[in-house]
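A short write-up of the structure that comes next.
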Amino acid sequence: MGKSRNKKKKSTNANAQTAGAGFLDVDPARVRFQYSKIRPYFSGCGRSVLDTLESIRRGELKPEDLPPIQVIVGPDENDGLGPWYFSLNNRRLYVLKRCREEGLLKNDKILVRVREAKSAKEAERYSLKNCAVEAKFMRESAPNSNDLGTNMKSIDDIDNDLDNVHIEEGNVIETVDSNNENEIGDMDNVETKHNGEKESDDSSVDTEEVQASRQPYKNPFSLGDDSSDSNSDSD
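Position one of the sequence shown corresponds to residue 1 (UniProt numbering), numbered consecutively onward.
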């Protein structure tokens, strides 16, 4: 059993080192959430996640207008689909997963920015056991501010140092009332104002950075039969 765990750990490290800090086109179905319960509003601009999804459905936005989410690459599960990825941007991932289900993505892929785990502890934290395939929203009142932005083309992308997370067996998700502090305090796998990623509305620099630094990148973990996941800059 010890050998199996060591082999899997080596596989995770090898995938991360291979991917480095480049860009990949991946199927969002292979990307997991940090938390099984997430907040329904982007913290910087205050816009509703569901409103953003509706804007894409109506054609007012495109999925690629959202800056790429950042992910940590996990081990290859030997299921023919390549590795799992663990997202650092839960709310954007929620939108993109719904777009995938509704056929709103080009080739059912999204551009992601890959990075290595910063420590062995972080690598252990982002695992199939701790991260959820799906997430649901906490009940939360809309932000009360007169100057909240609504331009979702500039959602910021910030790294996070997260506490350990845990999800219910079988990824059974429940809705949580975020106004009940005692209830939230008892749940580790809940995104809060303090531990959630800050997806603000001031990242035009981030978008320009993506356009300037994106390089053709061949995904070493081929998803299906597509051998040219990231060889095209016209996404």
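Beta carbons are placed, not taken as given, at the ideal position from N, Cα and C, and that holds for glycine.
task: Return no unless some Cβ of chain D is closer than 8 angstroms to the Cβ of leucine 50.
output: The structure shown contains no chain D; it holds only a single protein chain.
- request: Could you say if the region 105–117 and the region 38–52 meet the contact criterion of at least three C-beta pairs nearer than 8 angstroms?
  value: no
- prompt: Counting along the chain, where does the alpha helix (DSSP H) carrying aspartate 51 start and finish?
  reply: By one-based count along the sequence shown, residue 51 stands at place 51. Start and end: 49–57.
- prompt: What are the boundary residues of the alpha helix (DSSP H) that includes valine 95?
  reply: Within the sequence shown, numbered from 1, the residue matching residue 95 stands at position 95. Element bounds for valine 95: 90–101.
Helix, strand or coil at aspartate 65 according to DSSP, with G and I counted as helix: In the sequence shown, the residue the question calls residue 65 occupies position 65. Helix.
message: Suppose the cutoff is 8 angstroms on Cβ atoms and the five residues either side in sequence are ignored; what does the same chain contact list for glutamate 101 look like?
response: Working through the sequence shown from its first residue, we reach residue 101 at position 101. Excluding residues within five positions, none has a Cβ falling inside 8 angstroms.
query: For cysteine 99, which of Asp25, Ile56 and Glu60 has the nearest alpha-carbon?
result: In the sequence shown, the residue the question calls residue 99 occupies position 99. Answer by Cα proximity: Ile56.
- request: Check whether the Cβ atoms of valine 49 and valine 112 lie closer than 8 angstroms to each other.
  value: Here residue 49 refers to the residue found at position 49 of the sequence shown. Here residue 112 refers to the residue found at position 112 of the sequence shown. Taking 8 angstroms as the Cβ cut-off, valine 49 and valine 112 do not qualify as a contacting pair.
field: Closest residue to lysine 136 among Phe23, Phe86 and Val190 (Cα-Cα distance)
entry: To locate residue 136, count along the sequence shown from 1; it is residue 136. Nearest C-alpha to lysine 136: Val190.
Identified DSSP bridge partners for valine 26: Your numbering for residue 26 matches position 26 in the sequence shown. DSSP lists Ile110 as partners of valine 26.
task: Find the nearest neighbour of tyrosine 85 within the set Gly59, Gln34, Ala120 and Gly46, judged by alpha-carbon distance.
output: By one-based count along the sequence shown, residue 85 stands at place 85. The shortest Cα separation from tyrosine 85 among Gly59, Gln34, Ala120 and Gly46 belongs to Gln34.
task: Would you mind sorting aspartate 144 into buried or exposed? The rule is 16 or more other CB atoms within 10 Å of its CB.
output: Reading the sequence shown from its first residue, position 144 is the one you call residue 144. The residue you asked about is not aspartate; residue 144 is asparagine in the sequence shown. So asparagine 144 counts as exposed.
query: Just the Cα atoms here: how many angstroms apart are leucine 24 and arginine 47?
result: Taking the first residue of the sequence shown as 1, we reach residue 24 at position 24. Taking the first residue of the sequence shown as 1, we reach residue 47 at position 47. Near 27 angstroms, if we compare the C-alpha coordinates of arginine 47 and leucine 24.
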